[in-house]
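Asker: Got a structure for you, written out below as structure tokens; questions coming shortly.
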Ligand SMILES: [Zn+2]
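What follows is the structure in structure tokens.
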């Protein structure tokens, strides 16, 4: 029950931190290592710390969840990433010290390792209609690092992760945790006059993550639907200063025209 209270505090008070940062994780053991097809999962032994470690059943669920997530990301991005990926799952009470956060995790810059916090209670993702322990966001970073190139802008780097995840943060309803959908968050921001333009999302580096992540997720998802993922994939590794020119080159439409269409689409949706 104590764990549950901690969990509720974490999810209700703070947005999930889902940053891709070059934090040096402390990978020292002991670990229980379980292999899937493309995934190797490292978890803590039972009773390792005061908050729970996953048992063998949950370990199987997490591996199968993440194997499915790889397929989902490949299907959405038309990529064919086949691993391997190592996932290190830290118990909640040690995660902050070992990986710098207990509100999610991060992917390594080499695209081979993913570090994440273990929550005893999975969170329901209404878009994918299933419970998730690790979810989609960090695996998108892994797949794109391996197939599309390094992250050169947060516009596409975080844009892809948030578009495919479709959620940012979580909320509690009737004692159950749900991921917070980007489209509902952006709808609320629109009502408060806080819809950001594609230019702002590309050039303004001081937008807080709680506004940037849902908005860039909605924009990139719309870019996929409007121009096709293959074309947007070609823009993924482009440097920020070249994106507007390359956008025209790849899609045949100017960035300004795209911006006008996107804002119109958002206004009509309201
Ligand atoms: Zn990220």
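Residue numbers (the numbering used here): -15 to 254.
For each residue, glycine too, the CB sits at the ideal point set by N, CA and C.
1. List in chain order: all unbroken alpha helix (DSSP H) runs of 4+ residues lying wholly within the stretch 162 to 215.
2. Under the three-state reduction of DSSP, which class applies to residue 238: helix, strand or coil?
3. For residue 55, count neighbouring C-beta atoms within 10 Å of its own C-beta (all shown protein chains included) and say buried if the count is 16 or more, exposed if not.
4. Output yes or no for whether 9 Å exceeds the beta carbon distance between residue 44 and residue 18.
5. Buried or exposed for residue 253, going by 16 or more other Cβ atoms inside 10 Å?
6. How about residue 142 and residue 200: are their beta carbons less than 9 Å apart?
7. Rounded to a whole number of angstroms, what is the C-alpha to C-alpha distance between residue 103 and residue 72?
8. Does residue 154 come out as helix, strand or coil in the three-state DSSP assignment?
9. Identify the continuous beta strand (DSSP E) that holds residue 145 and give its terminal residues.
10. Starting from residue 19 and walking both ways along the beta strand (DSSP E), at which residues does that stretch end?
11. Can the beta-carbon of residue 234 be found less than 9 Å from the beta-carbon of residue 148?
12. Any idea if residue 79 is buried or exposed, counting beta-carbon neighbours within 10 angstroms, 16 or more meaning buried?
13. Going along the chain, which residues of its own chain have a beta-carbon closer than 8 Å to the beta-carbon of residue 68, five neighbours each way excluded?
14. Run through the DSSP bridge pairs and tell me what residue 91 is partnered with.
15. Going by the DSSP bridge assignment, what does residue 255 pair with across the sheet?
Answerer: With the given structure in hand:
1. 166 to 175, 182 to 187 and 193 to 211
2. coil
3. exposed
4. yes
5. exposed
6. yes
7. Annotation: residue 103 to residue 72 spans about 13 Å, alpha carbon to alpha carbon.
8. strand
9. First-last for residue 145: 138 to 149, but that is the alpha helix (DSSP H), not the beta strand (DSSP E).
10. Per DSSP, the unbroken beta strand (DSSP E) holding residue 19 starts and ends at 16 to 19.
11. no
12. buried
13. Closer than 8 Å at the Cβ level, and outside the excluded window around residue 68, lie 22, 23, 24 and 96.
14. 98
15. The chain is shown only over -15 to 254; residue 255 falls outside these bounds and no answer can be derived.
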